[in-house]
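Residue numbers (the numbering used here), protein chains in the order written: chain A, 12 to 144; chain B, 11 to 475; chain C, 117 to 610. The structure under discussion appears below in the form of structure tokens.
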Amino acid sequence: MNEETSGLVAQYWAIGFFVFAVLALCTFMIVAASLLGGRSQGRSKTLPYESGILGTGSARQRYSVKFYLVAMLFVIFDIEAVFLFAWAVSLREVGWTGFLGAAVFIFILLAGLVYDTRVGALDWAPKGRTPRP
Amino acid sequence: MPLGDLAPEIILLLGAVTIVLFSAFTPHAKQGWAAGLALVTLGLSAGFIALQWPTTPSTTFAGVWALDAPASLAKLLILISGAVAVSMSPDWMRSDRRHGEYYGLCLFSLLGAMMMAAASDSMELVVGVLLSSAASYPLVAYHRGFAPSQEAAMKYFLIGALTNAFLTLGVVLLFGLVGDTGYPATRAALDEADHLALSVATGCVILGLAFKLGAFPAHAWMPDVAQGAPAPVAGLLTVVPKLGAAVALARFVDLLPASQLWPAVVSLISVVTMTLGNLAALRQTDVRRLLGWSSVSQSGYALMAIAVLGRTPDAMMALLAFLAAYALANLAAFAVITHWRGRTTLDDYRGLARVQPVAATVLIVSMLSLVGIPPLVGFFGKFLLFEATLEGGFAWLAVVAAINTLVSLYYYLRVAAIMVFSSPADEVHVLGRASWLAMLAAAGLLLAASLGVEGLLDMSLQLVT
Amino acid sequence: MILSLALFVPLLGALVLAGGARWNARQSRLIAAGAAAVSLLALIVAWLTFDLGGPLFQHVAEVEWVPSLGVAYRVGVDGIALAVATMSALLFLAAILFPFDTQGEARQYYAWLLFLQGVSLGVFLVLDLLLFYVFFDLTLVGMYFLIGRWGHGNPQLAAFKFFVYTFAGSLALLLGIIGLYLSLDAPTFDMRTIIEQQPLAGGGAYAGLVFLGIMLGLAIKTPLVPLHTWLPQAHVDAPGPASAILAGVLLKMGTYGMIRLPLAMMGETFSRYALPVAIIALVAILYGALVALGQRNLKRRIAYTSINHMGYTVLGVAVAASLIGTPEARQLALTGATVEMVAHGLITGALFLITGVFWQRSGEYDMHHFGGLARRAPLLTGFTLLAAFASLGMPGLAGFVAEFQVFTGTFAVYPWLAVLGILGILITAALFLDLLRRLFFGSLPSHLSGFQDLTRVEGSILAVLALAFVVIGVAPHFLLTVIESSATVLVGGR
């Protein structure tokens, strides 16, 4: 084992220990629970609710498409913010050109937002949707 | 940073955003005006390209954008193709609830293709490919109630997502090998790069671009899109991404060291693509699907020029001339189909030459141009390809292409024969005056390019000198 | 200028007919005939002003087209091109005037014929290699639509087979032309420059490949055995006038191309392969004649005699290309080959127009169907007799002049080939006599009792063609001097 490798080990041993500890803790909890916990078998044990109330319908319900839409819009605008962070840390270096670029970028985002509002993508409930003029 | 260098792209971007806003605030009856806005934008953008036509190759924005004759010519072609496709659309999209936004998406798609053509940086390439793809998927699926359109869009999206992921992977690998995304730095560092890793990266990038090009093995979306997408979109998407991707691929393989054997790889893809496209087109009974497969085979021809890149100075000129010829002919064909309300089945084309002589003539002429019958511009494209390939020492490739051309004659003639020799079935419904004019304009461009082929060559010849 | 007139007036006429107002059948025919006549007149003027002692190519005109590739619109003729082009124009005029049932689409029919005339003349008149190829290919398009639309039997299949088969030849030709083009120091498609430079002299295997590509393309068009299989079906299913054009004009493009391209531009390479080409030509002569003898179908029989006759032409060209023997003998063979082209165009054109007459009257080509028509249709009998005798090489008619020269030239260079080739003439004589016997002599079958003789228009058109090949047979001087002036240059005698 040469010097470089021992240097690496000296630097990162804590991470290795952390990984090991996480795995060990998880294993311990699962194994201990299965050894110590009690078990019982029965017809009603396999039902969704043991209390005796039978479930109705399927658990696979369809969400309103609005849910996905809003989620997607959130992701999009959220990710766009990442680019603005990059601009923020180099604000002085990129100067006015950078400002102009960021302004165009924000303007496009704004246009997207305005468009989304106009076509009713942000209206949560269907009845609140403004009909297109 | 010289913003003026990017004027064509910025104008396109602003135009697209304006159209999106415009359509959000305009009543449906007036949304057709967005087409006019789009045309103005395209015209302005083309004007700026002509103004800043580069005399010597250079790059701008920290070496990310190439400013040279291939880029400018490809951009110009993309804009012209876009203009033709946009002017085909108003009649087609009139009844669609989201008529206005359509043009915004078209412009975004064009912008992506333009970025591909001008990318001199692998990350830039990724952004271009993704922009072009992301804007194209909804275009294909624009008719939400039409199942074939949805199916085409789904296939397009799935293949696109997979290959775009590969492209990104390839670019990341390349970045890891070289430590830079700019092409000049990449070229300098690639000689010392690990061969295996470089081969994997090259394979991934070529795969990603093959998708945009419609080349084997990522060609499968092309026939579906041609058949299922709205007809103007089919015209747009069989042409525009190909223009951008071909130039991008040419730029990329030019970087690679000789140890990658890329001419062999590209020529192999070329042969498989053209043969597969032609053989699949032979049995089609759907004209739009047939055109889709023919478009695959045309990608194969275009790859011939890329295979001999660097071996002969004419290769780039041949590539661009061929692409221009292909774009004009294919757009003219789809313009006719649009004018005929997107009729697909071959049987529906019976005797159309009698009832609709002008449109049928345009379709036949564009198909003959695709075969390469002189003196149409398609002939010059193929002629230059053959010449470059022979000069580059790939005589076998030229012979294979010649045989393929012969095979392709079969299916093009089948369409021509059924239009001319059969008797018409029932009356033909056409779209409207605007689509008629768009079709004539496309045909006019095709003929003008055939007669003024010198101008086209002159423009692309500047790359040699 | 005068040549451009001959070239563009038919194309313009085609455009007028295709795009124009609703011309009716009679007007369309008149327009077409007018345009064809102007074109023919222009060529006759070019002939009269042709300077026999002048340069090889005359009436030259040049307009830039694609200078960066060395492509330009260049026209000009030598004696050979002039003779073939004038014959073609005459034949086109005859085909246009010949009465034909256009199935209600007269405008389109005449437009296609005029288009075909323009591009066919283009093949013979241009001096630019690329333009030559352009026109060479466009003739396919014209003929495809003529056969497919107005043919009978299974016309679409015949037209399709014709197009694909000959287009394959065109592609081989294109690759050959590119090979030739790339071998030039300063690439250009100017035929005069290429002829002057002889770029592939001593070129070895490369020159051989280029030669092979070009010859393959031209041989399919000619057609030479074994590349002839497209011809019979295309002929049988084509309408009569189109058949006349196909045999009279389109086949000439193959042999004319052999003179213009391999012989003139790569003479040294051709001389190396002259003997094999001559042997293939001999096979075509004998095979064409023998197969023709076995045909029951009238049109098929004449179609196969075309293969036989084009064999004579190719034999003459190959002899001219061989560098053995005296220049005089080779010049004689080349002159004979050209006269054969002219004579075959006129004679076979007339014969195919005659088969058109048979089809329009009876809808049948089977020779067993006919008989004893000599009394019923004396005029038809007379013209058929004349054309058949001319075709089999009867002295005093055009075919004899051509074949005599070809064989005399061949005898001086490849005596054995000449001896064997004469057999072809013998078989041709037999098959034509048999044809005449079956059609016109014997007893008249009852179903032919209403068979009409030639109408006045048909008769006078055939009379003009017959006059032409009789004049060439009796007084060939006017034709020979023009051809010889160029043939001498081409075989290196001047």
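Backbone N, C-alpha and C define an ideal beta-carbon position, used for all residues, glycine too.
| query | result |
| --- | --- |
| Interface flag, A/V93 vs chain B, CB-CB below 9 Å | no |
| Short CB-CB distance (under 9 Å) between B/Y420 and chain C | yes |
| Chain B contact for A/V46 (CB, 9 Å cutoff) | Note that residue 46 of chain A is Leu in the sequence shown here, rather than Val. It does not: the Cβ of A/L46 has no partner Cβ on chain B nearer than 9 Å. |
| Whole-angstrom C-beta distance between B/L184 and B/S132, which should lie under 8 Å | 6 Å |
| Pick from B/A225, B/L120 and B/G114 that is closest to A/Y126, judged by C-alpha positions | B/G114 |
| Spatially closest choice to C/E384 from C/Q313, C/L343, C/Q447 and C/L450, by CA coordinates | C/Q313 |
| Counted within 10 angstroms of its Cβ, other Cβ atoms place A/C37 as buried (16 or more) or exposed | exposed |
| From C/L496, C/F556 and C/L377, residue whose alpha carbon lies closest to that of C/G575 | C/L496 |
| Coil, strand or helix - C/Q174 by DSSP | strand |
| Contiguous alpha helix (DSSP H) assignments of at least 4 residues, all confined to the segment 180-221 of chain B | 193-200 |
| Inter-residue CB distance, C/A211 and C/L229 (contact presumed, cutoff 8 Å) | 7 Å |
| Nearest-angstrom Cβ-Cβ length linking C/A534 and C/F523, presumed shorter than 8 Å | 5 Å |
| Reduced DSSP secondary structure (H/G/I, E/B, other) of A/A122 | helix |
| Chain B within 9 Å of A/S17, Cβ atoms only | no |
| Segment contact flag, the segment 300-312 of chain B with the segment 195-210 of chain B, C-beta cutoff 8 Å, min 3 pairs | no |
| DSSP three-state assignment for C/Y428, whether helix, strand or coil | helix |
| Contact belief for C/A317 with C/G441 at Cβ below 8 Å, rounded distance in angstroms | Wrong, their Cβ atoms sit about 20 Å apart, outside the cutoff. |
| C-beta neighbour in chain A for B/A405, strict 9 Å | no |
| Cβ-Cβ distance between C/M369 and C/F240 below 9 Å | yes |
| Close beta carbons around A/G139, own chain, < 7 Å, minus the five adjacent residues each side | Only weak support exists for where A/G139 lies, its pLDDT of 49 falling under 50; the coordinates are left without a value. |
| Supposed close pair C/A363, C/S422 - CB separation, criterion 8 Å | 5 Å |
| Between the CA atoms of B/L450 and B/A123 - distance to the nearest angstrom | 25 Å |
| Assumed close pair C/I69, C/L377 - CB separation to whole angstroms, cut-off 8 Å | This structure cannot speak to residue 69 of chain C, because chain C is shown only from 117 to 610. |
| Contact residues within the segment 104-126 of chain A, judged by C-beta distance below 7 Å to chain B | T108, I119, A122, V125 and Y126 |
| Unbroken stretches of the alpha helix (DSSP H), 4 residues or longer, contained in the segment 237-272 of chain B | 241-265 |
| Where the beta strand (DSSP E) through C/V193 begins and ends | V187 to V193 |
| Burial state of B/T475 (16 or more Cβ within 10 Å) | Bear in mind that a pLDDT of 44 at B/T475, under 50, signals an unreliable position, so the number given afterwards is only what the model happens to contain. By the 10 Å Cβ count, B/T475 comes out exposed. |
| Whether B/L51 touches B/G25 by CB criterion (9 Å) | According to the sequence as given, residue 51 of chain B is Thr; it is not Leu. Yes. |
| Residue environment, B/M284, which counts as buried when at least 16 other CB atoms sit within 10 Å | buried |
| Listed by chain order, chain A residues near B/V137 by CB distance under 8 Å | None at all; the shortest Cβ gap to chain A is about 12 Å. |
| Contact with chain B by C/G295, beta-carbon distance below 9 Å | yes |
| Touch test, the segment 440-458 of chain B against the segment 358-375 of chain B, Cβ-Cβ under 8 Å, three pairs minimum | yes |
| Proximity test, Cβ basis, 9 Å: C/E180 and chain B | yes |
| Residue range of the alpha helix (DSSP H) that includes C/L159 | A141 to L164 |
| Residue interval of the beta strand (DSSP E) (run including C/A317) | From DSSP, C/A317 is part of no beta strand (DSSP E); its letter is neither H nor E. |
| Counterpart residues of B/L77 in DSSP-defined beta bridges | B/S68 |
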